[in-house]
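Asker:
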Amino acid sequence: MSSPYESKGERRVELWRRAIFLFNRSHLEVGPFFKAGYKDFFCEPKTAEKQTPDIIGFSDKFFCVMDISMSDQKGEEMNKYETVTLTEYLKALFPSDVERHNCGYPFLVTDLLPNVKYPGYNLIHVYQPRQAEIEHIDDELLLNSLKNWTGFVFPVPSYGVLAVPESDEEELKPKLAGVFKKIAVDGEEMTSEGIIQLLIGDLYESFSRSSRANLRRKVENICEIVSNGSLSEYAKYNQTNKSIKISIDVSNPQSRAKFSRDIESWLKIIPLSYFLKEEDLHYNESTEDDEIDDEDEG
Amino acid sequence: MVTIKSRKELFALLQSICEDNREFYSRFGHWIRPQIKVLWIEVNERFVDSTLASIGALQIDKDLFSINYEDEIYWIDRSNKRIWQIFSVAQTKIAQRMLKSLFLGKKGVDKLWALESFMYKVQKEFSYSDRGFGIKFKDTLTMKEPKSNFSAKLWIGRNPSENQLRLYKVADETFSKSSIRFGKNWSDDDKNMSGELYELFYDGHMTVNTCDDFENFIELTSYIKNTYQKELDIMEKERQKKPSFIETVFSEKVNKDDFNRIIFSGIGNMNLWLEPYEIQKDFIRYSGVDIHTGDFLTLDFGDDYAYISNKLNGCMNVAPRFGSLSARHLSSDVKIFFDGVPLFV
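Chains A and B, in that order, give the protein sequences. Throughout the first sequence, residue numbering follows our numbering, covering 1 to 298 in sequence. Throughout the second sequence, residue numbering follows our numbering, covering 1001 to 1345 in sequence.
#1: In chain B, what lies closer than 8 Å to A/Y127 by C-beta?
#2: How far does the beta strand (DSSP E) with A/L108 in it extend, from its first residue to its last?
#3: How about A/Y38: is its C-beta nearer than 8 Å to some C-beta of chain B?
#4: Below 8 Å on the Cβ atoms is my guess for B/Y1346 versus B/S1179; work out the distance and round it to an integer in Å.
#5: Determine whether the beta carbon atoms of A/I68 and A/W16 lie at a separation below 8 Å.
#6: Drop a sphere of 10 angstroms on the beta-carbon of B/W1155, count the other beta-carbons inside from all chains shown, and report buried for 16 or more, exposed for fewer.
#7: In whole angstroms, give me the CA-to-CA distance for A/S227 and A/M190.
#8: Determine the burial state of A/L108: buried for a count of at least 16 other Cβ atoms within 10 Å of its Cβ, exposed for fewer.
#9: Taking three-plus beta-carbon pairs below 8 Å as touching, is the region 1243–1262 of chain B in contact with the region 136–152 of chain A?
#10: So for B/W1031, helix, strand or coil by DSSP?
#11: Is the number of C-beta pairs between the region 18–29 of chain A and the region 1232–1249 of chain B that are closer than 8 Å three or more?
#12: Going by the DSSP bridge assignment, what does A/K242 pair with across the sheet?
#13: Find the nearest neighbour of A/V65 within the set A/E49, A/E77, A/E82 and A/E76, judged by alpha-carbon distance.
#14: If we call anything under 8 Å between Cβ atoms a contact, is B/C1211 one with B/C1018?
#15: Please name the residue or residues paired with B/F1201 in a DSSP beta bridge.
#16: Round the Cβ separation of A/S158 and B/R1285 to the nearest angstrom and send it over; I've been treating them as touching at under 8 Å.
#17: Checking contacts by CB at 8 Å: is B/S1066 closer than that to chain A?
#18: Report yes if the C-beta distance between A/E205 and A/G9 is below 8 Å; otherwise report no.
#19: Could you tell me which of B/L1325, B/N1271 and B/E1278 sits nearest to B/L1104, measuring between CA atoms?
#20: Using a C-beta to C-beta distance shorter than 8 Å, which residues of chain A count as neighbours of B/G1323?
#21: Grouping DSSP H, G and I as helix and E and B as strand, with all else coil, what is A/R100?
#22: When the Cα atoms are used, what is the spatial distance from A/L93 to A/S230?
#23: Any beta carbon of chain B sitting closer than 8 Å to that of A/A257?
#24: Helix, strand or coil for B/W1075, going by three-state DSSP, please let me know.
#25: Can you list, in chain order, the residues of its chain whose CB lies under 7 Å from that of A/R216, leaving out five sequence neighbours each side?
#26: Report yes if the CB atom of B/V1043 is closer than 8 Å to the CB atom of B/G1108, and no otherwise.
#27: Would you say A/V346 lies against chain B (beta-carbon separation less than 8 Å)?
#28: Which chain B residues sit within Cβ distance under 8 Å of A/C43?
#29: Report buried or exposed for A/A184, applying the criterion of at least 16 other Cβ atoms within 10 angstroms of its Cβ.
#30: Output needed in chain order: residues of the region 1049–1064 of chain B with a Cβ under 7 Å from some Cβ in chain A.
#31: Which one of A/S208, A/G187 and A/V219 has the shortest CA to CA distance from A/L198?
#32: Could you name the residues of chain B that A/V98 contacts, counting a contact when the two beta carbons are closer than 7 Å?
#33: Counting only the same chain and skipping the five closest in sequence on each side, list residues whose C-beta sits under 7 Å from that of B/R1131.
#34: Alpha carbon to alpha carbon, what distance is there between A/I55 and A/E297?
#35: Pull up the distance between the alpha-carbon of B/K1281 and that of B/W1075, whole angstroms please.
#36: Would you kindly report the start and end of the unbroken beta strand (DSSP E) that includes A/M66?
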């Protein structure tokens, strides 16, 4: 089974959550890394060699290096993590009585099994049935844990990760609705940068400035449209500051309920672009081409 | 009424109430035997000054303030900066009215929410014995009338009959408790009873029925506020290090439609105003705001469990609040975990 989400944005959000849950547990499930003692982890760390994997996990004796990928080809460069060491900052943040060693080859976590599997890393597929292709792990506890792991059965926590730069505007809207409620309670303007910090959560630093700018533009577009349309009664968009303010009497439950109803109505609006399917676009484009051809011929 | 001018005088007054009602009579001029009430509130550090300023509290000693509300005096001890305790001899209903009017509803101020496990932890810590419990259930989640609604207090004496014990056991296993009563006897002589007897409530207050050792009483109240804060600190410190979540496990299936009604407009003490952003058959993901602090959070709701993820520097009082109130609404057992470790136990 691969990710049930069709869009790239939703797929990536869920893949990040599942990768984090590998180091966690709930009363229903235990992540295989958590089970092997890797209870601490750090997202988007820097190694002493200035490498930036997506996650480093820590047990008492070992650390593990992990990258997250939705590509069916990635993995070619994973061997760059094979010899990395921890910075003093990470050692101080997650102290241990003994010097930790890299547990083995780095891990690539994916929701899609690759067509090409390059050598030099361990592959973990996070949907059932679990498929872990283990190449080399020194930590026997981790090795056994991964061998016995059957994959996650239940939904994992969101960890406050709601969006990634690939998220499209339709995916962002219901998530922004929750953010709008926070902005209303604050009673202050919030910039588009502030909004994307809430949407990306702890992974904010994981994405490059340019990819965050991509997400920011989509958020700004939605904020502007909604301020001039469905939520114009409450929302005011400041074009200069790229910020939005939402004014509601939040002390009044009836006002809050009315805002929720209006949010519901807004979320039900289906944009015109939704009806323009890919084949429609091709058809239109080809029609235009035909017309031009006709003119040329004429 | 005599004006209390220092912490020492306050303690002397409370001690005198504990020991001898006559002392109260000599100070206040009437014979109604007062019972000491302690109310705990959680004040987010960002809102400490604004909270004090807004209630017009008068400082009478270091970290000790007093306010007068409806002719009753309340002494506010904020020696613990985050968990304040308020002493009073007012009736519970009046004290709760004061709390609602002056504190609750203000940004950054919340109650101390004592999960059942936390209440029993307190009892166990001081080796108090069971003296019964209270059940108070009002199904505020449902829209249907008439709403389910009942309450009972099952006090247990030193020699309960077999039938009494049977009833007590069934109630104990079936319902979540709105309060527990615990105490200890120092004398077995019925004519000359001495000891301690307290009733601790889920929504962060306690009634002192009797207490012959004032130092024990102060130790008990300090333990409650300090232990509660420690649990919050642990969650918040760990949250600083990594993305994490609080897990709430219910002993029965939760009606999500009813929960949706609560969070749709953010009504009740739950103080959560949320928006669903992903709806599956047996799982709903929400994002929104904790009205108590204005913190952004996400809540993932399964059939009999929920995950709360708070942002960095978010106030974790949402966890015991959500747990305690869910237990009240469902009248079932609720446990909360962090990193798989049970909290408030």
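Glycine is no exception: its CB is placed at the ideal position from the N, C-alpha and C atoms. On a predicted model such as this, the values are computed, not experimentally measured, just so you know.
Answerer: The relevant details are as follows:
#1: Under the 8 Å cutoff, chain B gives no residues; its nearest Cβ is about 15 Å from A/Y127.
#2: Unbroken beta strand (DSSP E) run through A/L108: F107 to T110.
#3: no
#4: Residue 1346 of chain B lies beyond the range of chain B shown here (1001 to 1345); nothing can be said about it.
#5: yes
#6: exposed
#7: If you take the alpha carbons of A/S227 and A/M190, they lie about 13 Å apart.
#8: buried
#9: no
#10: Interpretation of B/W1031 is limited by its pLDDT of 43, a score under 50 that renders its predicted location unreliable; no figure is taken from the coordinates.
#11: yes
#12: None; A/K242 has no bridge partner.
#13: A/E82
#14: yes
#15: B/S1179 and B/H1205
#16: 6 Å
#17: no
#18: no
#19: Residue B/N1271 is the option with its Cα nearest to B/L1104.
#20: Within chain A, no residue comes near B/G1323; the closest Cβ sits about 14 Å away, beyond 8 Å.
#21: coil
#22: 46 Å
#23: yes
#24: strand
#25: S192, E193 and I196
#26: Cβ atoms of B/V1043 and B/G1108: closer than 8 Å.
#27: Outside the modelled stretch of chain A, which goes from 1 to 298, sits residue 346 of chain A, for which no answer is possible.
#28: K1242 and P1243
#29: Label assigned to A/A184: buried.
#30: none
#31: Of the candidates A/S208, A/G187 and A/V219, the one whose C-alpha sits nearest the C-alpha of A/L198 is A/V219.
#32: Ordered by position in chain B, no residue passes the 7 Å Cβ test against A/V98, which lies about 20 Å from the chain.
#33: W1155, I1156, R1181, F1182, G1183 and L1197
#34: Reliability of the predicted coordinates at A/E297 is poor, the pLDDT of 31 falling under 50, and the value obtained from them is presented with this limitation in mind. A/E297 and A/I55: Cα-Cα distance of roughly 60 Å.
#35: 50 Å
#36: F62 to S69
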